[in-house]
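Note that my numbering has the sequence shown beginning at 173, numbered continuously upward. Data block below; observations after.
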Amino acid sequence: MAADTQVSETLKRFAGKVTTASVKERREILSELGKCVAGKDLPEGAVKGLCKLFCLTLHRYRDAASRRALQAAIQQLAEAQPEATAKNLLHSLQSSGIGSKAGVPSKSSGSAALLALSWTCLLVRIVFPSRAKRQGDIWNKLVEVQCLLLLEVLGGSHKHAVDGAVKKLTKLWKENPGLVEQYLSAILSLEPNQNYAAMLGLLVQFCTSHKDMDVVNRHRSALLDFYMKNILMSKVKPQKYLLDNCAPLLRYMSHSEFKDLILPTIQKSLLRSPENVLETISSLLASVTLDLSHYALDIVKGLAGQLKSNSPRLMDEAVLALQNLVRQCSDSSAMEALARHLFAILGGSEGKLTIVAQKMSVLSGIGSVSHHVVAGPSSQVLSGTVAELFIPFLQQEVHEGTLVHATSVLALWCNRFTTEVPKKLTEWFKKAFSLKTSTSAVRHAYLQCMLVCFRGDTLLQALDLLPLLIQTVEKAAFQSTQVPVVTEGVAAALLLSKLSMADSQAEAKLSSFWQLILDEKKQVFTSDKFLLMASEDALCTVLHLTERLFLDHPHRLTGNKVQQYHRALVAVLLSRTWHVRKQAQQTVRKLLSALGGFKLAYGLLEELKTVLSSHKVLPLEALVTDAGEVTEAGKVYVPPRVLQEALCIISGVPGLEGDVTNTEQLAQEMLIISHHPSLVAVQSGLWPALLARMKIDPEAFITRHLDQIIPRITTQSPLNQSSMNAMGSLSILSPDRVLPQLISTITASVQNPALCQVTREEFAIMQTPAGELYDKSIIQSAQQDSIKKANMKRENKAYSFKEQIIELELKEEIKKKKGIKEEVQLTSKQKEMLQAQLDKEAQIRRRLQELDNELEAALGLLDTILAKNPSGLTQYIPVLVDSFLPLLKSPLAAPRIKNPFLSLAACVMTPRLKALGTLVSHVTLRLLKPECALDKSWCQEELSVAVKRAVTLLHSHTITSRTGKGEPGSICFLLSQTPRPCLRQPSP
């Protein structure tokens, strides 16, 4: 009785705490539950309740410890009452909605399904350990639930979860020989449902990898029948993840099965519900291992109708299905028949195509056929035949977009040429350029097609087009402001640069061509406007042209001629489009690995510096509108991450280990540029990371080259933020070497005697705008002379002299109220005196501004170091304080010195005593009475009271009390630097 009470109490406690957030409590209650149920014969109602509670944890238990403890409890319950546990746990899993047939899988549900799947695998091992026990309703229910759970995991699209599920099931099947066949038999005996297809596919895949083909052969017909009825003939469109995972079911299909069973079903399904079956057919065609050449035309007749569909989705699916079909075809005659059939449809054999989208879809279908696997000379013949079929269509088509698309599809077939370009096609290229329908975009498409046609063994056939190509480049040079025309010229120039290497006769005719594309003044293909407005294809063509120039014609890129192509490479490297940027990165790596890689790297760095000189990090609001559209600024903005990628690519010169001198020179060049604010925003430690990639030890490198690095940074005028960031980074990487020189440079600037000699009057002159007089005594003297009323000529006998004076004063008062300023008439002598005073004040202003700029640069370096707070900085604070104190009496220096002086306390104070350091710093400033405004909030307290409070706090923290407590470290250090006025009571 006591035992029953204990079990009841444990179960109640488990029900109350099963969903607790505390992992410790979970483990404790699950451990208690395991001990409670072990060896006990619980009522089925209790087991049912426990199983429901277990299912509540599927979405809550995310940590491994909780899940292991829970699985241990389930294992003990299953060992104690196997049948009841299996029955109720499976029922609870189905009721919980995990693996539901109607639900839509997600990442979260997939993770929960994986946990539930591990429980079911546990049930297989404990409840159904032998072949004899694996039968009956509970076994079938277990297999069904596992099928649904697996589908949920696959639908969640979480790679780790999918791999985990496959691993668990594979391990289970390995441990139990014959279990795979029992799974197959159980699934095939269930009521047919397409949700079981993924498990069937995994079972067949397991048999294939373990060479257990007898099992597959025994169930092959049943599996194929299942696929046909539940996948291919499904009234509901199967999900893509389901189609991908049931592909192994089609791997062992024979020709007779495909011809007699699959082909008729495909044809019927395409007629009945193409929107449901088209993706399935595409997956089927990609999954079979048969040569489908004999069935290609029959299948295409059904698919071609969807190329003319009104649904863009069906058009795209039909194009993909065609591509998957021809990848299983190796017969050239079948491919030619298929292409001719599609061209006939394009010509109107099944009704005139009046909608542009339908034409383009059929053309895309023809392009899909180019992915065939016909090999050898037959492929060349087939490609030539199909290429000639394009010419009649191109002759009669007038729509620009359709012509461009047709030419890009033609290029897919031209890419298969290996030995010869058809003569008809070459003649058509000549003729097409003179047609009225050939706009700039169409001509560019033809040029891209030529680039694909004429390469390798077929390159010399382009000699017939030499005059046309030269004419195109010349036209681009004359109309260099027209981006479409220049885009044509780039493509023509690329083909000409290849021809010049292949044929000496062609090279002799290209002297004018080389002058045009290398002219550093015209910059036909590398102007900023063109590189900014060029399309993605045009940028890629510029990239290929630059590559050919650097690799094949480096002798032509001399002097300033090479700079424009450095700029072009950087522009493509900084493209906003990833695939363009990726090509550029590959090309730059290739060029850097060639001879002269370091020279190229220096050139690219210079161009990157130019870009960074005007680059600023912009907030998201400036790049994208509230409606989600890219702003004008956003279209030309280069994200900092792209700049960082470019710098990393440029620094990756191969063979760095063999050339230490050039490597270290490159590292020095990258020091300042890698500390640009835009790059620091992405990666603050970029320069050390680059050095690590170059296999350079930062500290050793700084030690060797510090004498060159420090002057290189500190002599810059004005000192920019990149240089300051670089100095901060150097002080962190090698403080022992950098800080002495840096502090020496700062103190040398701060201790300039001229700073202390600045008077208040001179400072006021500096603050007066240039061209404006500070000392206005000359003008005031002239004004007084102009209003002298003595010896005034009497203007009217009717007025007395006194009345005349009153009238003049009244007029002046009215002018003042109206703001009318009457220009003072100066004598020539006064003008000379005025100009002399202006020159004098300008000279003072210039001298003080030079002093101010020098001081600002030095303190900017100091601010950077204080922000970094490198180790060993505290020992230099006495020197800094000594150099700061005299400057507090300078009207020019005091406003700039104030903040660095206040910042020194943070370098020595612990975080707990930060407020005390701030107090001492402000009180010290008040005692020193600097020539600058102080923070009003720190001046509200009476100075004598503030000093007393500061000294009392310093005493309490620095003098060891009887209890032995005290913090003399940082406070004593700061106290030693506090001026003596702070330690004596101020006079009242």
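Note that CB positions come from ideal geometry on N, CA and C, so glycine has one too. Just so it is clear, the structure is predicted and the values come from calculations on it, not from any experiment.
- Collapsing the DSSP output to three states places V802 in a strand.
- Cβ neighbours of K340 within its own chain (closer than 7 Å, five residues either side excluded): L289, S290, C293.
- The stretch 707-727 and the stretch 735-747 touch, with three or more beta-carbon pairs separated by less than 8 Å.
- For Q913, same chain residues with a beta-carbon under 8 Å away, outside a window of 5 residues either side, are L878, I882 in chain order.
- Around E447, the same chain offers no residue with a beta carbon nearer than 6 Å, after the five sequence neighbours per side are excluded.
- Rounded to the nearest whole angstrom, the C-alpha separation of S533 and V491 is 7 Å.
- The beta-carbon separation of T1036 and M899, rounded to 6 Å, stays under the 8 Å limit for a contact.
- By the Cβ test, the stretch 617-635 is not in contact with the stretch 682-701, since fewer than three Cβ pairs between them sit closer than 8 Å.
- Non-local C-beta neighbours of M507 in its own chain, meaning closer than 7 Å and more than five positions away in sequence, comprise V498, C501, V541, H544, V546, L554, ordered along the chain.
- According to the DSSP assignment, E679 belongs to the alpha helix (DSSP H) that extends over 676-680.
- Excluding the 5 residues flanking it on each side, K1070 has same chain C-beta neighbours closer than 6 Å at C1104, in chain order.
- V796 carries a strand assignment under DSSP once its states are collapsed to helix, strand and coil.
- Taking the C-beta atoms as reference points, L494 is found no nearer than 7 Å to L464.
- The three-state reading of DSSP puts E944 in coil, since its state is none of H, G, I, E or B.
- The shortest CA-to-CA distance from E646 to any of G661, L637, L638, T653 is the one to G661.
- In this structure, the beta-carbon distance from V472 to A511 does not fall below 7 Å.
- Excluding five sequence positions before and after C379, the CB atoms of its chain that fall closer than 6 Å to its own CB belong to V387, V388, given in chain order.
- I246 sits buried, since 16 or more C-beta atoms from the chains shown fall within 10 Å of its C-beta.
- Per DSSP, the unbroken alpha helix (DSSP H) holding N496 starts and ends at 484-498.
- L1038 and L1125 have their C-alpha atoms roughly 25 Å apart.
- Counting only runs of 4+ residues, the alpha helix (DSSP H) found wholly inside the stretch 820-856 occupies 832-845, 849-852, in chain order.
- Judged by beta-carbon spacing, L863 lies beyond the 7 Å limit of A818, meaning their Cβ atoms are not closer than that value.
- Taking C-alpha positions only, R753 is separated from Q939 by approximately 49 Å.
- Within the same chain, and ignoring the five residues on either side of E353 in sequence, the residues whose Cβ sits closer than 6 Å to its Cβ are V387.
- In this structure L1027 is in contact with S921, their Cβ atoms being roughly 6 Å apart against a cut-off of 8 Å.
- Going by beta carbons, T713 and L666 fall inside the 7 Å limit.
- With respect to the 7 Å criterion, L415 and S455 are classified as neighbours on the basis of their beta carbons.
- Counting along the chain, no alpha helix (DSSP H) covers V408, and no H or E run does either.
- Cβ atoms of V219 and N260 come within 8 Å of each other, at about 5 Å.
- Between A304 and H231, the beta carbon gap of about 37 Å keeps them out of contact (Cβ cut-off 8 Å).
- Under the three-state reduction of DSSP, V558 is assigned to helix.
- Bounds of the alpha helix (DSSP H) holding W585 are 572-586.
- Residue environment analysis places M622 among the buried positions, since at least 16 neighbouring C-beta atoms fall within 10 angstroms of its C-beta.
- In the structure shown, V553 adopts helical secondary structure according to DSSP, grouped into three states.
- Put simply, the backbone Cα of M385 is about 15 Å away from that of L351.
- When DSSP states are grouped into helix, strand and coil, Y399 belongs to the helix group.
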